[in-house]
Every structure is written in C-alpha cells, then in structure tokens.
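Enquirer: When you line the sequence shown up against my numbering, it's residues 40 to 242, in that order. Ideal Cβ positions, reconstructed from N, Cα and C, are used throughout, including at glycine. In this text the structure is predicted, and so the values were computed from the model without any measurement. Below is one structure. I have some questions about it.
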Amino acid sequence: MLSVTIYKDDYICFMSRKYKATIPDKAYFITITCVNWIDIFTRLNHRYTIINSLKYCQENKGLEVFAYCIMSSHIHLICSADNGKQLSDTIRDFKTFTSKQIVNNVVNESESRREWLIELFEKACDHLKRKQEFKVWQDGYHAEIIETPQFMYQKLNYIHNNPVVDKIVEKPEDYLFSSARNYADLDYELEIFVLPKQLITFN
Numbered sequence: 040m041l042s043v044t045i046y047k048d049d050y051i052c053f054m055s056r057k058y059k060a061t062i063p064d065k066a067y068f069i070t071i072t073c074v075n076w077i078d079i080f081t082r083l084n085h086r087y088t089i090i091n092s093l094k095y096c097q098e099n100k101g102l103e104v105f106a107y108c109i110m111s112s113h114i115h116l117i118c119s120a121d122n123g124k125q126l127s128d129t130i131r132d133f134k135t136f137t138s139k140q141i142v143n144n145v146v147n148e149s150e151s152r153r154e155w156l157i158e159l160f161e162k163a164c165d166h167l168k169r170k171q172e173f174k175v176w177q178d179g180y181h182a183e184i185i186e187t188p189q190f191m192y193q194k195l196n197y198i199h200n201n202p203v204v205d206k207i208v209e210k211p212e213d214y215l216f217s218s219a220r221n222y223a224d225l226d227y228e229l230e231i232f233v234l235p236k237q238l239i240t241f242n
C-alpha cells in the first residue's frame, strides 16, 4: 500500500483510498452536494451558514481543514478529524445542522425562491423510509482518502480551480469562499491548516 507522510507538528497521516470517512486521523477529499444540484449557495447567508458551521466543527469536533471551496450547489473539502475523533461523525453532524439552518434561512429570511426551494426539499424526502420533512443534502458524501502526495496536490488544485473553470473568477485566489485565498496569503473567511509545499514530497 502506498503511503505519504505529511507533518503538522507531530501529526502524521498514512493514507489509502476508501469512499467513507471512517478511519480516524486520516485526511480525506470530500464532496457534499445539494439535492438535485440546487444552486443554494448563490445566496450569501447560506454560504456563511457553511463557514460558521465549519468553524464550529473546527472548535468543537476536532475538524482539521486543509482546503475547501463553496460552489453554488456543492462543497469540496480536504479535511481530517484529530484527537482520534471520527470524521464520518463530524460530517454527519455538519450535514444535519446545516440542513436545518439552510431551511430556516429560506423560511425566515429574504428569499425570492422560497416556495420553489421548499417544494424541492420536501420532494427530496419522498423516497425516504424514515419520516423527514425536508432534505437539503444528497445522501452520503464522496470521501476519498489521500494516499499519495500527488493525489493531495491534485485535489488541492482541483478544489481551488473550480470557480475558475466555472468562469466565476479569473484567478483561484479571487474567489472569496475558497482556501485558495489562505494559500495566497490573502484575507480569508475560514482559517485552515495551510500545507507547506516543502512538506509535501514526491517520492
């Protein structure tokens, strides 16, 4: 099995590939997507719901973020859970809270798409066996363990270039809701652990 060592103080990640974030102390590339790929994050209040929730998870649930980008319908993260905590539990709680908060935003704050969004969130529950009123996120999330430095760097660049590919900005660091700004030493919305290039060695 391939492995890579990335140092963060005494933090060491030995990485392999899976699709669920169930192994403690491992870094994952994660994508969380809205039901029907709804462009919910075109609104500033919903973006800050994500930012504030990530901050809470960093402070209270051991979430360590290495990269992120909030696109209109989905979120990309490179992250891990420290202190032996389970990243899958943190992501589950993050999705549960943000789902409720986004619905609350839609219902109680200015939102021209309110009726349309609520109808979509309700219809997304039709196939569920459990009783649920609204569904904001698609089931699960696509989690891949970072197993090589090349894969880490590839996903880092992929995340940061998302807004460029979608013609939202010309340069990655121009997009406010992305860790590209952290890596470019600019003002940022979310504090992350910036991976020093010299610590990512291609062996």
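Which runs of the beta strand (DSSP E), 3 residues or longer, sit entirely within the segment 147-221?
Expert: Counting whole runs of 3 or more residues, the segment 147-221 contains the beta strand (DSSP E) stretches 181-184.
Enquirer: Residue range of the alpha helix (DSSP H) that residue 87 falls in?
Expert: Where residue 87 is concerned, the enclosing alpha helix (DSSP H) stretches over 83-99.
Enquirer: Could you check how far apart the C-beta atoms of residue 209 and residue 225 are, in whole angstroms? I think they sit under 8 Å.
Expert: Going by Cβ atoms, the distance from residue 209 to residue 225 rounds to 15 Å, so no, they are not a contact pair.
Enquirer: Less than 9 Å between the C-beta atoms of residue 181 and residue 108, yes or no?
Expert: Against a cut-off of 9 Å, the Cβ pair of residue 108 and residue 181 comes out as no contact.
Enquirer: Assuming residue 96 and residue 129 make a contact with CB atoms under 8 Å, what is their CB distance in whole Å?
Expert: With 8 Å as the limit, residue 96 and residue 129 qualify as a contact, their Cβ atoms being about 5 Å apart.
Enquirer: State the Cα-Cα distance for the pair residue 88 and residue 204, rounded to the nearest angstrom.
Expert: About 24 Å.
Enquirer: Under the DSSP definition of a beta bridge, which residues are partnered with residue 117?
Expert: Per DSSP, 68 and 106.
Enquirer: Take the Cβ of residue 101 as the centre, count every other Cβ of all protein chains shown within 10 Å, and call the residue buried at 16 or more, exposed below.
Expert: So residue 101 ends up on the buried side.
Enquirer: So, using beta-carbon positions, are residue 127 and residue 73 closer together than 9 Å?
Expert: Cβ distance not < 9 Å, so residue 127 and residue 73 don't count as in contact.
Enquirer: Can you tell which of 195, 90, 222 and 156 has its C-alpha closest to the C-alpha of residue 136?
Expert: Minimum Cα distance to residue 136 is reached at 90.
Enquirer: Between which residues of its own chain and residue 228 is the CB-CB distance below 7 Å, once the five residues before and five after are set aside?
Expert: Hits under 7 Å: 90, 215 and 216.
Enquirer: Return the chain-ordered list of same chain residues with a C-beta closer than 6 Å to the C-beta of residue 121, the five sequence neighbours on each side being excluded.
Expert: Within the same chain, residue 121 has close Cβ partners 101 and 103.
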